[in-house]
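>
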């Protein structure tokens, strides 16, 4: 009896399979489920789409790339909620190189991301520059950074206080500002939505498949070590994903790229990072941290020629070039004042207490400023050192992590995507040597901090 | 013949236990190999089934390849992916293949020839990996069916003309003008598609790549030989007409072989490369058959056996790499000698057999076929030289790109080869390189 029942369900399943296959055939094979792929990218934001684009650009049809993006409206993605600022003024040399490639990518984007028969990409790149100010205590560090940046090819200019006053007459610099560095080229802001959609569209036109699904599980296979002293490694084999309809499906892959932004820590937990022993006890130290951006109207504000202004207190503002006399401003809160990241609600009191006084101090014309709107977005915050984590995990040898960019992600996303492509195809990122950003520094707890972080 | 068919059917009952079926298959192959009476006459005749010198070789090959399939498909058992149904489908396929090769009647041959498509389709659709397998199955099915329906018509007309469809009683038809030419084309096209010849080869890369390892092995190992075997049987009827047309088949095959070898050099998917190389080998086989020479027929038999073992072995190797890295792309599978040095031995042995180096059966087959073609027309030397050269070059390309070079970083270590994988590859290679010492076993 049980045998016949069992065979009946087999027949039912076989019929369901045939039915589904015939539906697929009717609508074309492209809508059929990819049971396997070569590279599975988790996260379809800037880094994920850039990785997919660079992989497809390099390999074409020779590698099958599938991108898992759970929300195609990108409602909570860091990419589209960011301001799209780009700068080369970093103290870690690799960051400068990554942003330099980003700037050159932005300039060449209309030709690189062109898809036949569709409108060209318009990134609205305003290279107005970033202005960083230094106090007497930070002067030496600023000088070292400046020397390194210029040696790497960043176009930045050193401004003494009298020069600052001449170029920016509407800013008040008291005696505690002793120098400033201004980017003269390749720094400024652009439209992150256009960059994301441009890269996604180009990747899809080259053959990458974007799936609206959420990753719910990962399975691995234990590998035997080659020598008795080697660390036993694991290879990830299949991913369980859940579609919008609630249906659970599986994809098997050869390489996994973790580009999930603030949720990369959760993706790591699906693989057991953080809950195991030994090396597996260390999670991917990336979590979403909420940051506010306020949009304010200042009728007398310094709108003409204003760069992205960075105060040494961490406050920054820049003009909104789509509407006259509108400014975007924000500030990174201190560790104790971190807002609750469960939702994206905005705390307006933060502006009144932490931002407005500094803004008025810098420029008295901000006195009659009115906050018109605000939004919040997530940083994919690397709790160790707020810098990129790039490379393969030592135990899960086919998991390539590309996250942790903590606020300077959108500007480095093209370069990080290219680095991911080089890791997957060539084994290591060789255009820019990113060995210092590998996951090993997380395991040995050796932070690679920016000496001046915003 | 029944002494081989009945054990097969009985093995279906044991489809739940893999070990019994695996051992049973090898045992039946062993019994079959003891049955080696082939010396030009029919033997084992009964129930309208019988073996003669060509059938025996082919049946032996089928049994051997299916036994090796059951060893290589351990993953189906491990993942418990409908494994009893898998065994049933494979055994059914083997039953139909044995019926095809041992049938003494054209209609029986045709029915089993068509029937062997169904288990193959089930294998591709049921155990394949990618959504493209639906299209691959459709291509295979419709290519074969569309061209073999005229074959059915022509066989029935032959029955009405000559009164019997027994193969051994068939005799050459005298030329009757246009009708006989049409008759000839409609008969022969079915096998051209199955072989496949150059213009009708589109189904092969699709089906081989999308099939699971079992499907690829049986397709490359035996099903392509159905075309060759069928041609040998059918051309008895059309000797005069064939002599008028053989220039067409030889030219298309040789030039097609050259084009396909160039296409091979562009492939990045390992299975796709091996699939296209099957087309190249089969194009030589086709030439050997249609040029009615004794050495041509012998060479084509040897090359069919050699290619069956060699391509099937290469598909096994590609599958082993796929099971470890999860990808078939040569962009990702580089430097495998660093990880699986012992498997490098098998890659080497099977690759050099693929490019027809001594002492493999492929070498003997190719030498005989080259001599045949040259004896038929010296102009073929251009095509043959290009074909042989590029055949070596794409095989070296595949071997070097996958084995040599900097290793792929994310594959830190992997199992260097399980015993059953070594067994399967050894059993592929042993007949391939040893049988040349007694090649009359596979010659006619």
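Chains as they are written, first to last, in the working numbering: chain A, 1 to 454; chain B, 1 to 444. Glycine is no exception: its CB is placed at the ideal position from the N, C-alpha and C atoms.
1. Just verifying my parser: in three-state terms, what is the DSSP assignment at residue 250 of chain A?
2. Which of the three DSSP states, helix, strand or coil, is assigned to residue 22 of chain B?
3. Select from the segment 128 to 146 of chain B all residues with a C-beta closer than 8 Å to any C-beta belonging to chain A, and list them in chain order.
4. Taking one C-beta from the segment 197 to 216 of chain B and one from the segment 270 to 278 of chain B each time, how about it: are there three or more such pairs within less than 8 Å?
5. When the Cβ atoms of the segment 248 to 265 of chain A are set against those of the segment 229 to 240 of chain A, are three or more pairs found closer than 8 Å?
6. Check residue 49 of chain B in the structure and name its three-state DSSP category.
7. Nearest-angstrom Cα distance between residue 150 of chain B and residue 182 of chain B?
8. At a CB-CB cut-off below 7 Å, which residues of chain A make contact with residue 325 of chain B?
9. Run down chain B in chain order and give the residues with a C-beta less than 7 Å from the C-beta of residue 425 of chain A.
10. Output needed for residue 28 of chain A: all residues of its chain with C-beta closer than 6 Å, excluding positions within five of it in sequence on either side, in chain order.
11. Using a Cβ cut-off of 9 Å (strictly closer), state whether residue 442 of chain A contacts chain B.
12. Does the separation of the CB atoms of residue 15 of chain B and residue 85 of chain B fall below 9 Å?
13. With a CB to CB cut of under 6 Å and the five nearest residues on each side skipped, what residues in its chain are close to residue 238 of chain B?
14. If you pair each beta-carbon of the segment 90 to 102 of chain A with each one of the segment 157 to 177 of chain A, do three or more pairs fall below 8 Å?
15. Rank B:330, B:302, B:328 by C-alpha distance to the C-alpha of residue 445 of chain B and give the top, closest one.
16. Near residue 435 of chain B, which residues of its chain fall below 7 Å by C-beta distance, leaving aside the five closest residues on each side in sequence?
17. Could you pull the start and end residues of the alpha helix (DSSP H) that residue 294 of chain B belongs to?
18. With DSSP as the reference, please indicate the residues paired to residue 260 of chain B in a beta bridge.
19. Distance cutoff 9 Å, beta carbons only. Does residue 184 of chain A sit that close to anything in chain B?
20. In chain A, which residues lie less than 7 Å from residue 442 of chain B when you measure between Cβ atoms?
21. Say yes only if the C-beta of residue 35 of chain B is nearer than 8 Å to one or more non-hydrogen atoms of the ligand SAM, and no if none qualify.
22. Which of the three DSSP states is assigned to residue 315 of chain A in this structure?
23. Please name the residues in the segment 58 to 69 of chain A whose beta-carbon is closer than 7 Å to at least one beta-carbon of chain B, in chain order.
24. In whole angstroms, give me the CA-to-CA distance for residue 389 of chain A and residue 439 of chain A.
25. Let me check one thing: in DSSP terms, what residues is residue 166 of chain B bridge-paired to?
26. The beta strand (DSSP E) with residue 134 of chain A in it runs from where to where?
27. Hey, which unbroken runs of the beta strand (DSSP E) at 3 residues or more fall wholly within the segment 43 to 113 of chain A?
28. Comparing C-alpha positions only, which one of B:319, B:251, B:307, B:223 sits nearest to residue 381 of chain B?
29. Quick one: using the 10 Å Cβ neighbour count with 16 as the cut-off for buried, is residue 265 of chain B buried or exposed?
30. Using the three-state DSSP reduction, which class does residue 382 of chain A fall into: helix, strand or coil?
31. Pick out whichever of A:128, A:113, A:353 has its Cα sitting closest to the Cα of residue 205 of chain A.
32. By DSSP's criteria, residue 293 of chain A is part of a beta bridge. Which residues make up the other side?
33. Could you round the C-beta distance between residue 325 of chain A and residue 301 of chain A to whole angstroms and report it? I think they count as a contact, below 8 Å.
34. Quick check: is the beta carbon of residue 80 of chain B nearer than 9 Å to any beta carbon in chain A?
35. Quick one: using the 10 Å Cβ neighbour count with 16 as the cut-off for buried, is residue 62 of chain B buried or exposed?
36. Can you confirm whether residue 268 of chain B, when its beta carbon is compared against all beta carbons of chain A, has any partner nearer than 9 Å?
Reading off the structure:
1. As a first step, residue 250 of chain A must be located in the first chain, where it is residue number 250. Strand at residue 250 of chain A.
2. Locating residue 22 of chain B in the second chain gives position 22, counting from the first residue. Residue 22 of chain B falls in the helix class under three-state DSSP.
3. Across the segment 128 to 146 of chain B, CB contacts with chain A closer than 8 Å involve 129, 130, 131, 132, 134, 135, 138, in sequence order along the chain.
4. yes
5. yes
6. Translated into positions along the second chain, residue 49 of chain B becomes position 49. If DSSP states are grouped into helix, strand and coil, residue 49 of chain B belongs with the strands.
7. Counting from 1 along the second chain, the entry for residue 150 of chain B is found at position 150. Counting from 1 along the second chain, the entry for residue 182 of chain B is found at position 182. Looking at the two C-alpha atoms, the distance is approximately 10 Å.
8. Numbered from its first residue, the second chain carries residue 325 of chain B at position 325. By Cβ distance, chain A contributes 254.
9. Here residue 425 of chain A is taken as the residue at index 425 of the first chain, counted from 1. Those are 331, listed as they occur along chain B.
10. By one-based count along the first chain, residue 28 of chain A stands at place 28. Residue confidence for residue 28 of chain A is low, a pLDDT of 45 falling below 50, so the modelled location carries little weight; the figure read from the coordinates is stated next. Hits under 6 Å: none found.
11. Start at 1 with the first residue of the first chain, and residue 442 of chain A comes out as number 442. Taking 9 Å as the threshold, the shortest C-beta distance from residue 442 of chain A to chain B does not fall below it.
12. On the second chain, residue 15 of chain B is found 15 positions in, with the first residue counted as 1. On the second chain, residue 85 of chain B is found 85 positions in, with the first residue counted as 1. It is a contact, given that the beta carbons lie within the stated cut-off.
13. As a working note, residue 238 of chain B is residue 238 in the second chain. Cβ neighbours of residue 238 of chain B beyond the five flanking positions: 184.
14. no
15. Because chain B is modelled from 1 through 444, residue 445 of chain B falls outside the range shown and cannot be assessed.
16. In the second chain, residue 435 of chain B corresponds to position 435, counting from 1. Answer for residue 435 of chain B: 361, 441, 442, listed in chain order.
17. By 1-based counting over the second chain, the position of residue 294 of chain B is 294. First-last of the alpha helix (DSSP H) with residue 294 of chain B: 294 to 325.
18. Locating residue 260 of chain B in the second chain gives position 260, counting from the first residue. None, per the DSSP bridge assignment.
19. As a position in the first chain, residue 184 of chain A is number 184, starting the count at 1. No - not a single Cβ of chain B is within 9 Å of the one on residue 184 of chain A.
20. Position 442 of the second chain holds residue 442 of chain B. Residues of chain A passing the Cβ test: none, with the nearest at roughly 38 Å.
21. Looking for the ligand SAM in the displayed structure turns up nothing, as the structure carries no ligands at all.
22. Within the first chain, the letter at position 315 stands for residue 315 of chain A. The answer is strand: DSSP assigns residue 315 of chain A an E or B state.
23. 59, 62, 63
24. One-based indexing of the first chain puts residue 389 of chain A at position 389. One-based indexing of the first chain puts residue 439 of chain A at position 439. Taking the straight line from one Cα to the other gives about 6 Å.
25. Within the second chain, the letter at position 166 stands for residue 166 of chain B. DSSP, once it has assigned bridges, lists B:105 as partnering residue 166 of chain B.
26. The residue given as residue 134 of chain A occupies position 134 in the first chain. Start and end: 130 to 134.
27. Entirely contained in the segment 43 to 113 of chain A, the beta strand (DSSP E) runs reaching 3 residues are, in chain order, 65 to 68.
28. Position 381 of the second chain, counted from the start, is the residue given in the question as residue 381 of chain B. Cα-wise, what sits closest to residue 381 of chain B is B:251.
29. Residue 265 of chain B sits at position 265 when you count from the first residue of the second chain. Exposed, by the Cβ-count rule.
30. For this step, residue 382 of chain A is matched to residue 382 along the first chain. Three-state DSSP puts residue 382 of chain A in a strand.
31. One-based indexing of the first chain puts residue 205 of chain A at position 205. For the residues A:128, A:113, A:353, the minimum Cα distance to residue 205 of chain A belongs to A:113.
32. Your numbering for residue 293 of chain A matches position 293 in the first chain. Paired residue(s): A:375.
33. For this step, residue 325 of chain A is matched to residue 325 along the first chain. For this step, residue 301 of chain A is matched to residue 301 along the first chain. Confirmed, Cβ separation roughly 6 Å.
34. Within the second chain, residue 80 of chain B is the residue found at index 80, counting from 1. No, its Cβ sits nowhere closer than 9 Å to a Cβ of chain A.
35. Position 62 of the second chain, counted from the first residue, corresponds to residue 62 of chain B. Residue environment for residue 62 of chain B: buried (at least 16 other C-beta atoms within 10 angstroms of its C-beta).
36. Sequence index remark: in the second chain, residue 268 of chain B carries index 268 (1-based). Closer than 9 Å: yes.
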